[in-house]
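Below is one structure, written out as structure tokens; the observations come after it.
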Amino acid sequence: MKKMTKKQKILIAIIALIIIAGIIITATIGLNFDLRYQESKKVELYLEQDFEISDIKAITDEVFPNEPVIIQKVEVYEDTVSITAKDITDEQKVDLINKINEKYGTELSADSTTIESIPHTRGRDIIKPYIAPFCIATLIILVYMAIRYSKLGIVKTILKVVIISVVAQATLLGVIAITRIPIGRLTIPMVIVIYMLTLVGLTSDFEKKLKENNKEEEAGN
Amino acid sequence: MKKIKLLTITLAVILVTAIAFFGVYIPVQNRMEDKVEGYSYAMDLKGGRNIRLKVDTSNKTVVKDSEGNEVEDADNLTDEQISQNGYTKEETPNNPQDVLTYDNYKKSKGIIEDRLSKLGVNNYITKVDDKTGDILIEIPENDNTDAIVSNIATTGKFEIVDSNTKEVLMDNNDIKAARVMYGSNSTSTTSSGTTVYLEIEFNKNGSQKLQNISNDYKTQNTVNVTNTTNITNETNTVADANNTTNETNTNTTQTTEEQKEITMLIDDEEIMTTSFDETLETGKLQLSVGTATTDQKTLQNYINQASSMAVVLDNGNMPVKYTVDENQYILSDMTQNELNIVLYVMVGLVVISLLVLIIRYKTNGLALAISYIGLASIFLLLIRYTNVVISIEGIFGIAMVLILNYIFLNKLLAKLKKEKEVEKETVNKKLKETYKEFFIRIIPICIAVITFCFITWEPISSFGMIMFWGIALIAVYNSIVTNLFLKIKAGK
Chain L
6 MKKMTKKQKI LIAIIALIII AGIIITATIG LNFDLRYQES KKVELYLEQD FEISDIKAIT
66 DEVFPNEPVI IQKVEVYEDT VSITAKDITD EQKVDLINKI NEKYGTELSA DSTTIESIPH
126 TRGRDIIKPY IAPFCIATLI ILVYMAIRYS KLGIVKTILK VVIISVVAQA TLLGVIAITR
186 IPIGRLTIPM VIVIYMLTLV GLTSDFEKKL KENNKEEEAG N
Chain C
17 MKKIKLLTIT LAVILVTAIA FFGVYIPVQN RMEDKVEGYS YAMDLKGGRN IRLKVDTSNK
77 TVVKDSEGNE VEDADNLTDE QISQNGYTKE ETPNNPQDVL TYDNYKKSKG IIEDRLSKLG
137 VNNYITKVDD KTGDILIEIP ENDNTDAIVS NIATTGKFEI VDSNTKEVLM DNNDIKAARV
197 MYGSNSTSTT SSGTTVYLEI EFNKNGSQKL QNISNDYKTQ NTVNVTNTTN ITNETNTVAD
257 ANNTTNETNT NTTQTTEEQK EITMLIDDEE IMTTSFDETL ETGKLQLSVG TATTDQKTLQ
317 NYINQASSMA VVLDNGNMPV KYTVDENQYI LSDMTQNELN IVLYVMVGLV VISLLVLIIR
377 YKTNGLALAI SYIGLASIFL LLIRYTNVVI SIEGIFGIAM VLILNYIFLN KLLAKLKKEK
437 EVEKETVNKK LKETYKEFFI RIIPICIAVI TFCFITWEPI SSFGMIMFWG IALIAVYNSI
497 VTNLFLKIKA GK
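Set out below in structure tokens:
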């Protein structure tokens, strides 16, 4: 068995630290979910005219300072705006409507505008549709790798692919947990990219080893 | 000659790039119209239908007799008649307090998700409010969205009751599966078209019950059943259910006074009343939806009706009754400007990477940088004409394809750099070597990509399809265009 270099040892230690810290943070504070997936409040305002998202953003920045807000146009005529924030108090609603009325000359009233609550999305609901595709793909890839790199040891190859793939994903989630990057629409694409890069890295490593193995065999003959 | 050839290919690449990024504008009715196909976006980039299902908190008025039994057809009774008969009026909640539990909300959400999957909705977001039980759903906007919305809000309560006593003979617990089937109504010389059937398959217990019921409720008199279909056991019309009462049934009632009949109810609405011609031993009930037709549009309509019923019955009934409270199309919060920013960032990164390539490999680097731009442009056109839907995952797929092609070209250039003199044969040899090394390393990616192409979940299939076309393009384009560039440059 090859001895690990100092660099490799440091790398493994860093990865282990990231994963452990990630697990602790996830278990204690939890992951930081994007507003889209959090429990939030929403108001819809009929502006009777076309509008720019940037103009509404300027208003929401005043009403909800330093808070993430989702602004969306509603229906085909795009003359209604939907504003979602973590929390919308009655005062903020009044302030928001006053500012909108001022900007667009509308006569919206706070009394007739309701604040709707939006429940949070469960993490498991986000990942559920991706589990089966990843499992199927990984299973086929494992079969392929076991056949292609059988000379390197079938069990060893399979274990290496599984462990490294899991460690890579755990590291990514650890980094997300530590840095408090919100779990949002970019999380799954990041997971896919890391998965793909791990596969390329593993294949390159196996190919290199296979080449060396073949050379050794030829030299032995 | 060599320069002219290189210039021609470069101009062709510039032309394709211009088309891919700016389009082809042709005057149409006093305005300029881009003739290049647009991109199709997924729900995360385009927006979708937002539906809020609210727990039904309303009451229904029930008239009960002195023994506490519910009186049928009470809607026609006046207050006077009610009091004369000794009946009492009661307000009953549509959702009794004991069903409003977290478990039932969760179960309802699960049933809705199953229905969405079976209705072919390939991308959806569902959320349940733990306290109020409200369910929020976001689904893609298309021609079927309205039909889907009407299906997901249905409770899906299925009952077969005795027409007279209203005794419940069978319910959702007896159903194993429901599906749509087709059959042709034909004789040796004529064909009256295709009939759509809703087949309800019952579980072991249900099959036994169906056998007993079909025996108990057997048609007493001979009834002329005119349909000669090759798969039906029963011939009852379900389409336009509320208005349709079979002539068969009418005749039966007229001729046999003691004829017992069953009534099939879905969500307390009467679908049909009938008796059975024979004892059903197969555990399957086939109901014709509409009449036999050769008209494709009508047939599709019947198929849709049958599919909707099959989906609703197949997933059990929701324990909680919901009403559609909000149903509107909301655009994505990711605006066109933000998408443009993503595009500019990608273009910027590509430009920097190509500059590195040119600095490292000089003229060969420049030639392959031009080739790279050509591939990127063709790729952007390809994903538009292959109708690939672009999701956020898809955008990452585009980036991955561009990275993979960069790796391919970098590998090829590194190999060529090692050669003192680059001739046509050397180009061929090095290109072959690069192909072999590159594609062997991405076989696992290809496996994953092909798997993802077959997945119906839109974000992942978008990634798969984009990567598939990208990898195919890398293989084909480089063997033609990049090869040509290098061979012309090599000269000999």
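Listed in order, the protein sequences are those of chains L and C. To convert, note that position 196 of the first sequence is 201 in our numbering; the numbers rise steadily by one, no gaps. To convert, note that position 440 of the second sequence is 456 in our numbering; the numbers rise steadily by one, no gaps. Virtual Cβ for every residue (Gly too), placed ideally from N, Cα, C. Note that this is a predicted model, so its numbers are computed, not measured.
Cα-Cα separation between D95 of chain L and G27 of chain L, rounded to whole angstroms: 37 Å
Quick one: is T65 of chain L buried, meaning 16 or more other Cβ sit within 10 Å of its Cβ, or exposed? buried
Give the range of the alpha helix (DSSP H) segment to which K123 of chain C is assigned. 118-134
Residues of the region 360-387 of chain C with a CB closer than 7 Å to any CB of chain L: list them in chain order, please. none
Segment contact flag, the region 166-175 of chain C with the region 327-344 of chain C, C-beta cutoff 8 Å, min 3 pairs: yes
Taking 8 Å as the cut-off, decide whether the C-beta atoms of E129 of chain C and T142 of chain C are in contact. yes
Please give me, in chain order, every unbroken run of the alpha helix (DSSP H) with length at least 4 that falls completely inside the region 312-376 of chain C. 312-330
Where L191 of chain L sits in the DSSP three-state scheme: coil
Contact list for the region 196-215 of chain L against chain C, Cβ threshold 7 Å: I197, V198, M201, L204, V205, T208, S209, E212
Cβ-based contacts, 8 Å cut-off: residues of the region 479-498 of chain C near chain L: F479
Could you give the uninterrupted runs of the alpha helix (DSSP H) lying entirely in the region 54-109 of chain L, keeping only those of 4 residues or more? 58-68, 95-109
Identify the contact partners of P460 of chain C in chain L, using a Cβ-Cβ distance below 8 Å as the criterion. I146, Y149, M150, L204, V205, L207, T208
Of all Cβ atoms in chain C, is any one closer than 8 Å to the Cβ of T126 of chain L? yes
Contact belief for L391 of chain C with Y493 of chain C at Cβ below 8 Å, rounded distance in angstroms: 5 Å
Report, in whole angstroms, the separation of the C-beta atoms of E106 of chain C and K80 of chain C, which I expect to be a contact under 8 Å. 6 Å
Interface flag, Q54 of chain L vs chain C, CB-CB below 8 Å: no
Should I25 of chain L go down as buried or exposed, given a rule of 16 or more other Cβ atoms within 10 Å for buried? exposed
Using a Cβ-Cβ distance cut-off of 8 Å, determine whether K78 of chain L contacts chain C. yes
Give the DSSP-derived three-state secondary structure of S45 of chain L in the structure shown. strand
Pop quiz: K446 of chain C and K431 of chain C are said to be a contact at Cβ under 8 Å. What is the actual Cβ separation, rounded to whole angstroms? 4 Å
Kindly give me the distance between the Cβ atoms of D71 of chain C and Y338 of chain C, rounded to whole angstroms, as I take these residues to be in contact under 8 Å. This sequence places Val at residue 71 of chain C; Asp is not what is there. Confirmed, Cβ separation roughly 6 Å.
If contacts are defined as beta-carbon pairs under 8 Å, then I76 of chain L and V68 of chain L qualify, I think. What distance do you get, rounded to the angstrom? Not a contact, Cβ separation roughly 12 Å.
8 Å Cβ cutoff met for L382 of chain C and I374 of chain C: yes
Runs of beta strand (DSSP E) lying entirely within the region 204-238 of chain C, each at least 3 residues, in chain order: 207-218
Considering just the uninterrupted stretch of the alpha helix (DSSP H) at S478 of chain C, what are its terminal residues? 474-493
With a threshold of 8 Å, are at least 3 pairs of Cβ atoms found where one atom belongs to the region 393-403 of chain C and the other to the region 173-181 of chain L? no
Straight-line gap, T314 of chain C to I471 of chain C (C-alpha atoms, nearest Å): 31 Å
Where D50 of chain C falls: helix, strand or coil (DSSP): strand
Whole beta strand (DSSP E) elements within the region 272-299 of chain C, 3-residue minimum: 278-282, 285-290
Looking at the secondary structure, which residues open and close the alpha helix (DSSP H) in which E453 of chain C lies? 440-457
Compute the Euclidean distance between the alpha carbons of C462 of chain C and A36 of chain C, then round it to the nearest angstrom. 26 Å
Could you tell me the alpha carbon to alpha carbon distance between Q270 of chain C and I151 of chain C, rounded to whole angstroms? With a pLDDT of only 46 at Q270 of chain C, under the threshold of 50, the placement of this residue in the model should not be trusted; the figure read from the coordinates follows. Cα-Cα distance, rounded: 48 Å.
Nearest residue (CA-CA) to K2 of chain L, options L:I136, L:E53, L:L157, L:I132: Chain L is shown only over 6 to 226; residue 2 of chain L falls outside these bounds and no answer can be derived.
I want to know whether the region 26-45 of chain C touches the region 304-311 of chain C - three or more CB-CB distances under 8 Å. no
So with Cβ pairs under 8 Å, would you call D130 of chain L a contact of chain C? yes
A142 of chain L CB to nearest chain C CB: under 8 Å? yes
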